[in-house]
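Q: The structure follows.
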Amino acid sequence: MTDDDGTKSFDGAIGTHIIAINYEVMDWATEALPAHVPADDLKQLKLAAGEHLAAMLTTAYLGIVPVAVDVRGGVDLVYRVADSVSGALPSLLGRKCVEFADFEVKSMPGGFREHDAAISRALKGGEGPGTHWATVVSANDVVEAAQSMIVKAAKQLRDKSSPDRARVVFIVSHFFDRPYVECLDLLIAHTLTAPTLPDEVDAMWVFLAPSHLVVWSAVDQRWTQLLLGDLKEDGTAPEVDSGMELLQHYEGLFLERAGIERPSPFYYGLGAVEIEPAANSE
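When you line the sequence shown up against our numbering, it's residues 1068 to 1349, in that order.
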């Protein structure tokens, strides 16, 4: 891609609102969660639903650890945001001047996680893994497809939370269920249209695994792109295993530091292989 092509690719992103944290903050989040949240609570996070990713990402961008992680049927994550010094809370929570924020995490349905489990069963039985098929969509298509999950989360927030708290939905989409065409772009917030949120929802975070995180704020009425990087001239990204994204690196750190040994369907590497064409193919 030429410099001109790169410039043109960002033309549509002019005016995009961005919140960025550096690598040290994300590293802190992977340590702070196991240090302040009971180990038994963290180990009950549903890895297949990406609840551990939601906990890691919200901790990093809010700059505080949750005061509660659901193990008894409450909201999934509770933050005492009065403890936060961040000036970005209205963009992150959709509310101003609240003491607590309640997050309800929902994973979009799809076949990959069952396929992933089927691979393990097949290999243990001495069989070869099957093939998983998915259709490439746009990032906006992913958000629109989450509507039923948003409605379900809103009902749970209405039942479990209260209007004096920020009520936030956290949507997780697995790349192998909904590969999105903008996956290699730095910014995607400007490609998204305004979502339809129930009145109970103040903000919605959407994690398009493995690398994009965006937030819609009801009070700001806009999408915000959440980025991870280093503003120092000599800042360098941590070394990442081949075929993995930066946020997957931190997911691995978090799982290790939390003592969670169960496999995560979001922790994978990608590689390229050459497939020999069939003898009778054209």
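Idealized CB from N, CA, C, for every residue including glycine.
What are the start and end residues of the alpha helix (DSSP H) that includes Gln1111?
A: Where Gln1111 is concerned, there is no enclosing alpha helix (DSSP H), given that its DSSP letter is neither H nor E.
Q: Between which two residues does the beta strand (DSSP E) harbouring Val1236 extend?
A: Here the beta strand (DSSP E) through Val1236 covers 1233-1240.
Q: Taking Arg1139 as the reference, give the member of Lys1227, Ala1080, Pro1176, Glu1091 with the closest Cα.
A: Checking every option, the nearest Cα to that of Arg1139 belongs to Lys1227.
Q: Compare the Cα-Cα distances from Pro1262 to each of Gly1154, Val1148, Gln1214 and report the closest residue.
A: The shortest Cα separation from Pro1262 among Gly1154, Val1148, Gln1214 belongs to Gln1214.
Q: Just list the alpha helix (DSSP H) runs in the region 1270-1327, keeping only unbroken ones of 4 residues or longer that don't cross its boundaries, in chain order.
A: Listed in chain order, the complete alpha helix (DSSP H) runs (minimum 4 residues) inside the region 1270-1327 are 1313-1324.
Q: Would you report the Cα separation of Pro1105 and Ile1081, rounded to the nearest angstrom?
A: Distance between the alpha carbons of Pro1105 and Ile1081: 43 Å.
Q: Cβ atoms of Val1281 and Val1268: under 8 Å apart, would you say?
A: No, they are not a contact pair.
Q: Are at least three pairs of beta-carbons, each pair with one atom in the region 1119-1135 and one in the region 1088-1101, less than 8 Å apart?
A: Flag = yes, the region 1119-1135 and the region 1088-1101 touch.
Q: CB-CB under 6 Å to Ser1174, same chain, minus the five flanking residues each way: which ones, in chain order?
A: Excluding sequence neighbours, Ser1174 sits near Ala1116, Gly1117, Val1239.
Q: Report all residues from its chain with a CB closer than 7 Å to the CB of Val1210; omit the five preceding and five following residues, and keep chain order.
A: Around Val1210: Leu1259, Pro1262, Val1273.
Q: Spatial neighbours of Ala1155 within its chain, please: C-beta separation below 7 Å, excluding the five flanking residues on both sides.
A: Around Ala1155: Ile1086.
Q: For Met1068, which three-state DSSP category applies?
A: Low confidence applies to Met1068: its pLDDT is 38, below 50, so where it sits in the model is not reliable enough to give any reading.
Q: Might you give, ordered along the chain, the residues of its own chain that have their beta carbon closer than 6 Å to the beta carbon of Ser1331, omitting 5 neighbours on each side?
A: Excluding sequence neighbours, Ser1331 sits near Leu1114.
Q: Cα separation between Leu1264 and Arg1225?
A: Taking the straight line joining both Cα atoms gives about 13 Å.
Q: If we count the other Cβ atoms within 10 Å of its Cβ and call it buried at 16 or more, is Asp1231 buried or exposed?
A: Under this definition Asp1231 is an exposed residue.
Q: For Val1372, report the span of its beta strand (DSSP E) as first-last.
A: Here the chain has residues from 1068 to 1349 only, and residue 1372 is not among them.
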